[in-house]
Amino acid sequence: EAQVTQNPRYLITVTGKKLTVTCSQNMNHEYMSWYRQDPGLGLRQIYYSMNVEVTDKGDVPEGYKVSRKEKRNFPLILESPSPNQTSLYFCASSPWTGKNGYTFGSGTRLTVV
Amino acid sequence: AQTVTQSQPEMSVQEAETVTLSCTYDTSENNYYLFWYKQPPSRQMILVIRQEAYKQQNATENRFSVNFQKAAKSFSLKISDSQLGDTAMYFCAFMKTSNFGNEKLTFGTGTRLTIIP
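First to last, the sequence lines map onto chains X and Y. Per our numbering: the first sequence ends with 1228, consecutive numbering throughout. Per our numbering: the second sequence ends with 131, consecutive numbering throughout.
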C-alpha cells in the first residue's frame, strides 16, 4: 500500500530534550515536506526536500532541522524543543510535481512541557 | 506571497442536504492549483478535489464539486447529499506551480463541518 509513515503518533516531552519524528514513504517520491498544524493558523510548511541531500527552509523553520540521506526518509529533528513547538506535525510527499496533490502521513501530536 | 482565506470557521447541516464551503485566495500568479483537503477526527489529511487554474471547467468528484471563479479568486466546495462521514475539518489550499522548485501548499485556517443526523 502506497503510504507515508510517521512515528510516533503521540509524543510528550520536556523542554530541551532532543527528539526526532520519523517519516518514511514507499512511493519513490522525490519531494518531501514537513508541516505543522495549529488552531486558527491552518498548516504551515517547516522544511522541504527536493531530493536526496537537497533540503531548504519553508515558512516556519526556526527550531527545526531535517535531513535527507535516503530518498524514502525525511526525519524532523527538534534539538531543543520549547513549549511553542507543541503542535500537530505532518509529513507529506509527492513526485516531482505536487499538481496531483500530496500524500500525507497520519500526523504526530507533540506536546512540549 | 499567497494567502488563503476561509471565512466560515464552523458549519453544520442536516444529513442529505447540500452545503457549500467558501474559500478565497490572493495571488499574482497565473499558473497554480487549488485543493480541498478533508481532515476527519482520525487526523488523516485526505485529498477531496483539485482544480487547475488554467482549466475553466469546474472539477467534480462524485458528490463533491467546486465553483472556481478565477477572476474573483474564489474556490468554493459544494457537498451534495451530505453524509455523516463528511463530518470533518475542511482545508482549502493553494499551490503555485514551479519547475523543480518548492511547490508548497498554502492552507486556509479550515472550516469545521458537522453533519447532523
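Ideal Cβ placement from N, Cα and C applies to all residues, glycine included. Quantities reported herein were computed from a predicted structural model and do not represent experimental measurements.
Problem - Which listed residue (Y/Y68, Y/A15, Y/F121 and Y/I129) has its alpha carbon closest to that of Y/A94 - result: A small correction: the amino acid at residue 94 of chain Y is Ser; Ala does not occupy that position in the sequence shown. Ranking Y/Y68, Y/A15, Y/F121 and Y/I129 by Cα distance to Y/S94 puts Y/I129 first.
Review point. Taking the Cβ atom as the reference point for each residue, do Y/P16 and Y/T41 lie within a distance shorter than 7 Å?
Key: According to the sequence displayed, residue 16 of chain Y carries Gln and not Pro. Yes, the pair counts as a contact, with Cβ atoms nearer than the cut-off.
When burial is assigned at 16 or more other CB atoms within 10 Å of the CB, is X/S1164 buried or exposed?
buried
Q. What first and last residue would you give for the beta strand (DSSP E) that runs through Y/T19?
A. T17 to T19
Would you tell me roughly how many angstroms separate the C-alpha atoms of Y/T101 and Y/T125, rounded to the nearest one?
11 Å
| Which full runs of the beta strand (DSSP E) of 3+ residues lie inside the region 56-99 of chain Y, going along the chain? | 60-66, 78-83 and 88-93
Beta-carbon proximity list for X/P1123, same chain, < 8 Å, skipping 5 on both sides | V1136 and T1223
Using a C-beta to C-beta distance shorter than 7 Å, which residues of chain X count as neighbours of Y/M59?
F1205 and F1219
So, for X/P1176: in the same chain, excluding its five sequence neighbours on each side, which residues have a beta-carbon less than 8 Å away from its beta-carbon?
I1161 and Y1162
Through-space distance from Y/L119 to Y/F49, alpha-carbon basis
9 Å
Q.
7 Å is my cut-off, CB to CB: does X/Y1179 come that close to chain Y?
A. no
>> Looking only at its chain, what residues have a beta carbon closer than 8 Å to the beta carbon of Y/E117, apart from the 5 residues adjacent to it on each side?
In response: M109, K110 and T111
**Prompt:** Using the beta-carbon count (16 or more within 10 Å), is X/Y1125 buried or exposed?
**Reply:** exposed
Measuring only the C-alpha atoms, how far is Y/G122 from X/L1156? 7 Å
field: C-alpha gap between X/Q1140 and Y/M103, whole angstroms
entry: 25 Å
Point to revise | Within-7 Å CB hit, Y/N104 to chain X | key: For the sequence presented, residue 104 of chain Y should be read as Tyr rather than Asn. Chain X, which has no Cβ nearer than 7 Å to the Cβ of Y/Y104, makes this no.
If contact is defined by three or more beta carbon pairs under 8 Å, each pair taking one atom from either stretch, is the region 24-36 of chain Y in contact with the region 1174-1190 of chain X? no
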